[in-house]
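If you read the protein sequences in the order shown, they are chains A and B. Count along the first sequence starting at 1, add 180, and that's the number in the working numbering. Count along the second sequence starting at 1, add 1, and that's the number in the working numbering. Everything below concerns the one structure shown next.
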Amino acid sequence: MSAAKPLNIYGTELNSRLLVGSALYPSPQVMQDSIKASGAQIVTLSLSRQNPQANGGASFWEMIQSLGLHLLPNTAGCHSSKEAVNMAKMSRELFQTDWVKLELVGDDYNLQPDPIELVKTTEILLNDGFKVLPYCTDDLVIARHLIELGCKVIMPWGSPIGTGKGLLNPYALQAIRDRFPEVTLIVDSGIGKPSHAIQALEMGVDAILLNTAIAHAHQPVKMAQAFAKAIEAGRLAYEAGPMSERSTASPSTPTLDQPFWHQVNVG
Amino acid sequence: MNITIHINDQPMDIKTGSSLLDAVMAFGATPPFALLLNQNFVPASEHANTAVQENDRIEVISAIQGG
Numbered sequence: 181m182s183a184a185k186p187l188n189i190y191g192t193e194l195n196s197r198l199l200v201g202s203a204l205y206p207s208p209q210v211m212q213d214s215i216k217a218s219g220a221q222i223v224t225l226s227l228s229r230q231n232p233q234a235n236g237g238a239s240f241w242e243m244i245q246s247l248g249l250h251l252l253p254n255t256a257g258c259h260s261s262k263e264a265v266n267m268a269k270m271s272r273e274l275f276q277t278d279w280v281k282l283e284l285v286g287d288d289y290n291l292q293p294d295p296i297e298l299v300k301t302t303e304i305l306l307n308d309g310f311k312v313l314p315y316c317t318d319d320l321v322i323a324r325h326l327i328e329l330g331c332k333v334i335m336p337w338g339s340p341i342g343t344g345k346g347l348l349n350p351y352a353l354q355a356i357r358d359r360f361p362e363v364t365l366i367v368d369s370g371i372g373k374p375s376h377a378i379q380a381l382e383m384g385v386d387a388i389l390l391n392t393a394i395a396h397a398h399q400p401v402k403m404a405q406a407f408a409k410a411i412e413a414g415r416l417a418y419e420a421g422p423m424s425e426r427s428t429a430s431p432s433t434p435t436l437d438q439p440f441w442h443q444v445n446v447g
Numbered sequence: 002m003n004i005t006i007h008i009n010d011q012p013m014d015i016k017t018g019s020s021l022l023d024a025v026m027a028f029g030a031t032p033p034f035a036l037l038l039n040q041n042f043v044p045a046s047e048h049a050n051t052a053v054q055e056n057d058r059i060e061v062i063s064a065i066q067g068g
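Here it is, written out as structure tokens:
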């Protein structure tokens with residue numbers, strides 16, 4: 181069996197195809213244990229105003245650092261290009277990484293990314309040396325614009341953040357996959373169950389970024405393990421090449437020379 | 002003589018001529034943090050030599066959980 185192809189994030193090769201968030205866990209310990217159980221090599225985190233009364237968030241930062249993973253800071257909550265650029269620059273300084281998960285909210289109802297601000301901001305950040313991982317919808321043309329600007333990774337949604345609805349538009353994701361085979365394609369948001377992740381990996385999506393599906397599971401550590409196995413299975417299935425669907429039945433057991441007692445035309 | 006500034010929306014009086022770093026340390030900021038001054042990012046290398054002015058608004062930012 182040939183060696184598994186690694187995930188490529190702007191030239192950094194990783195064995196795990198699961199990226200996980202650090203939010204919403206029932207406790208810091210569960211967060212740590214879940215992230216470890218997921219096998220993820222990239223963890224997302226964010227920025228907020230510091231509260232000196234709460235030790236400035238230092239304990240969270242120490243805990244994340246102790247995991248020894250690649251950090252992917254996001255720009256969650258940003259509605260404008262200026263906000264997102266500021267947040268990206270602060271993240272680069274604090275986390276010592278030029279990776280940024282660029283999120284620009286276009287509508288608060290479903291947290292749908294604003295495609296116009298996203299493309300504009302992506303260009304600004306790429307020109308400033310950032311390696312941008314844009315959170316986008318599954319629109320083929322927006323994907324094209326982002327890739328033409330220089331994005332090596334794009335992260336369309338499966339469904340809105342935190343909904344757990346899975347892949348609402350598999351056709352659109354497949355179109356992006358087929359049209360841009362060279363880009364690293366990560367489904368970010370909406371994955372609720374391991375079966376959703378398998379579906380995405382089977383169709384050639386390179387990786388999954390999720391948070392709520394693990395953090396809000398009844399047993400997050402166990403669910404993290406389930407996702408790790410699902411993603412590995414989905415990728416293996418993609419590499420193996422699924423069979424073609426057929427409309428009519430076709431026997432899997434060879435029928436030649438079977439003792440057919442119900443054959444009626446025997447003389 | 003003092004000036005009034007806002008850090009994370011809290012009003013604060015500090016001495017005229019104070020630097021950005023002086024101001025956030027007086028606020029009780031805990032490193033590591035990043036700073037915005039009037040909605041503009043100020044790199045850490047400039048915290049000590051950026052003077053704050055009356056009515057400046059400073060944001061002290063640090064890591065939190067995120068998805």
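Beta carbons: idealized from backbone N, C-alpha and C, even for Gly. Only a predicted model underlies this, so the values are computations on that prediction, with no experimental measurement involved.
Alpha-carbon to alpha-carbon, residue j and residue i
| i | j | result |
| --- | --- | --- |
| A/Tyr205 | A/His250 | 19 Å |
| A/Arg357 | A/Leu348 | 16 Å |
| A/Ala408 | A/Gly219 | 7 Å |
| A/Gln399 | A/Asn290 | 27 Å |
| A/Gln383 | A/Ser207 | The question names Gln, but residue 383 of chain A is Met in the sequence shown. Cα to Cα, the separation comes out at about 34 Å. |
| A/Ala184 | A/Ile366 | 17 Å |
| A/Met243 | A/Ala380 | 31 Å |
| A/Pro293 | B/Gly29 | 36 Å |
| A/Ser339 | A/Ile327 | 21 Å |
| A/Thr392 | B/Gly68 | 8 Å |
| A/Thr255 | B/Leu22 | 25 Å |
| A/Gln405 | B/Ile4 | 55 Å |
| A/Gly346 | A/His396 | 15 Å |
| A/Gly330 | A/Thr192 | 16 Å |
| A/Leu163 | A/Ile334 | For residue 163 of chain A there is no data in the structure shown, the boundaries of chain A being 181 and 447. |
| A/Glu419 | A/Asp386 | 11 Å |
| A/Gly248 | B/Ala27 | 32 Å |
Helix, strand or coil at residue i according to DSSP, with G and I counted as helix
| i | result |
| --- | --- |
| B/Val53 | coil |
| A/Lys262 | helix |
| A/Ala315 | In the sequence on display, residue 315 of chain A carries Tyr and not Ala. A/Tyr315: strand per DSSP, three-state reduction. |
| A/His396 | coil |
| A/Met211 | helix |
| A/Trp241 | helix |
| A/Pro340 | coil |
| A/Val299 | helix |
| A/Leu204 | coil |
| A/Lys363 | Sequence inspection shows Val at residue 363 of chain A; the Lys mentioned does not correspond to that position. A/Val363 falls in the coil class under three-state DSSP. |
| A/Gly414 | helix |
| A/Arg229 | strand |
| B/Ser20 | strand |
| A/Leu249 | coil |
| B/Pro44 | coil |
| A/Met383 | coil |
| B/Ser63 | strand |
| A/Ala408 | helix |
| A/Arg426 | coil |
| A/Arg272 | helix |
Residue-level contact to chain B via CB, residue i, 8 Å cutoff
| i | result |
| --- | --- |
| A/Ala238 | yes |
| A/Glu382 | no |
| A/Ser228 | yes |
| A/Lys269 | yes |
| A/Gly201 | yes |
| A/Thr224 | yes |
| A/Pro293 | no |
| A/Pro350 | no |
| A/Trp279 | no |
Beta carbon proximity, residue i to chain A, threshold 8 Å
| i | result |
| --- | --- |
| B/Glu60 | yes |
| B/Ser19 | no |
| B/Ala52 | no |
| B/Ile65 | yes |
| B/Asn9 | yes |
| B/Thr31 | yes |
| B/Phe44 | One detail in the question is off: residue 44 of chain B reads as Pro in this sequence, not Phe. Chain A, which has a Cβ nearer than 8 Å to the Cβ of B/Pro44, makes this yes. |
Beta-carbon separation (whole angstroms), residue i vs residue j, contact threshold 8 Å
| i | j | result |
| --- | --- | --- |
| B/Ala64 | A/Leu305 | Actually they do not touch by this definition, with Cβ atoms about 20 Å apart. |
| B/Leu36 | B/Val25 | 7 Å |
Any non-hydrogen atom of the ligand ATP within 7 Å of residue i CB
| i | result |
| --- | --- |
| A/His396 | Absence of the ligand ATP is noted for the structure shown, with no ligands found whatsoever. |
- Spell out a yes or no on whether the stretch 265-278 of chain A and the stretch 406-424 of chain A are touching, meaning 3 or more CB-CB pairs, one atom from each, closer than 8 Å. Two segments are said to touch when three or more pairs of C-beta atoms, one from each, lie closer than 8 Å; by this definition the stretch 265-278 of chain A does not touch the stretch 406-424 of chain A.
- Item | Stretch pair the stretch 426-442 of chain A + the stretch 191-203 of chain A: three plus CB contacts closer than 8 Å | In short, these stretches do not touch, since the Cβ pair count stays below three.
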